[in-house]
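So for the sequence shown, our numbering puts the first residue at 3; every next one is plus one.
No residue lacks a Cβ here, since even glycine has one placed at the ideal position from N, Cα and C.
Remember, it's a predicted structure, so these values are computed and weren't measured experimentally.
Written out below as structure tokens is the structure these notes cover.
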Amino acid sequence: MATASLIMLINLSFGIGTTLYLLKLRNSSPPSATFSKVHTYIIQSISMMYRWCLVAASFDRYAITSTDLCLRSFARMNIARRTIAVIIVAWIVFPMHNLIYNTANMNSNNFTYNTALLYYHSSFTVVAGCILPASIMIICAFLTYHNLVLKRKRRQNMVTPHARNNSDVKLLERKRDRQVLLILIVQVVVFVITIIPLTVSHFYNAVALNIRNKSIERITIERFAAYWASLSVYLFPTLSFYLYTMTSSIFRDELKK
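The structure is reproduced here in structure tokens:
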């Protein structure tokens, strides 16, 4: 999770910084094709890294709460480091097509673009950056909660039924388990909400590739919507701390200490 936070900080700094630079640059001259390629590659690479680090963290939570010794072995520090290394290397390699082709400004009216490539880019971004991470995080969240419930039931069976403080322990455990589930669900829900605009934008780009002779008004609206969709992905990195603070009293107590 610490690695994901660090990568999110890098993504936020680079993304917002280059966005402000591009706003200033467009007043004088449009960015070069090389700049667009490198910018798109870096943004997609870093974004995918932090998303899949979040996926790895979600699976790690599930593994560490599991009673299966084989699954729990995946929660070791050395395996976590290897997983992070694999994620970083993978997302340095996978978006390489952005360095070869300019996918930053997809326009079906420009016949120099490879239509198959643009379909691939949109589908790749939607599936690998939106659908798969969100689905895995949702599944891991409920599996983690299921494991916590099973652990609580086993502890209750081991405790003497007539122990005086048994009810207090049960209430505390239920509260903790509910807050863990709440944090996981809120994290996934906000993550999904913040990537929906970009998902819709890429899906629309793929669908609208065969539409020719678009009006200037339509092109302007599409570019405006795509611009705001690209900015929406920076919401999750900025909201993570506030999500944990607002949804968990246990987290707030630990933060105060």
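Considering only 86, 196, 188 and 227, the residue with the shortest C-alpha distance to residue 133 is 196. An exposed status is given to residue 215, since fewer than 16 other beta-carbon atoms sit within 10 Å of its beta-carbon.
Residue 176 has its alpha-carbon roughly 58 Å from the corresponding atom of residue 218.
Between the alpha carbons of residue 12 and residue 48 lies a gap of roughly 8 Å. Residue 184 holds the alpha-carbon nearest to the alpha-carbon of residue 252 among 220, 184, 123 and 204. In its chain, beyond the 5 residues on either side, 67, 179 and 182 have a beta carbon closer than 7 Å to the beta carbon of residue 150. By the Cβ-count criterion, residue 58 is buried, with 16 or more other Cβ atoms from all chains shown falling within 10 Å of its own Cβ. In the DSSP assignment, residue 62 falls within the alpha helix (DSSP H) that extends over 35 to 67.
Distances from the alpha-carbon of residue 78 to those of 34, 63 and 241 put 63 closest. Taken in chain order, no unbroken stretch of alpha helix (DSSP H) lies wholly in the stretch 171 to 214 with a span of 4 residues or more. The beta carbon of residue 234 sits closer than 7 Å to the beta carbons of 196, 199 and 200 from its chain, once the five residues preceding and following it are set aside; these are given in chain order. Assigned with DSSP and collapsed to three states, residue 244 falls in helix. Membership of residue 129 in any alpha helix (DSSP H) is not indicated, and neither H nor E is assigned to it by DSSP.
The beta carbons of residue 208 and residue 147 sit no closer together than 8 Å.
Contact check for residue 187 and residue 143: beta-carbon distance about 6 Å, within the 8 Å limit, so the pair qualifies. Rounded to the nearest angstrom, the Cβ distance from residue 99 to residue 119 is 7 Å, consistent with a contact under 8 Å. Take residue 61, set aside five residues on each side of it, and the residues of its chain with a beta-carbon closer than 8 Å to its own are 76, 138 and 142, in chain order.
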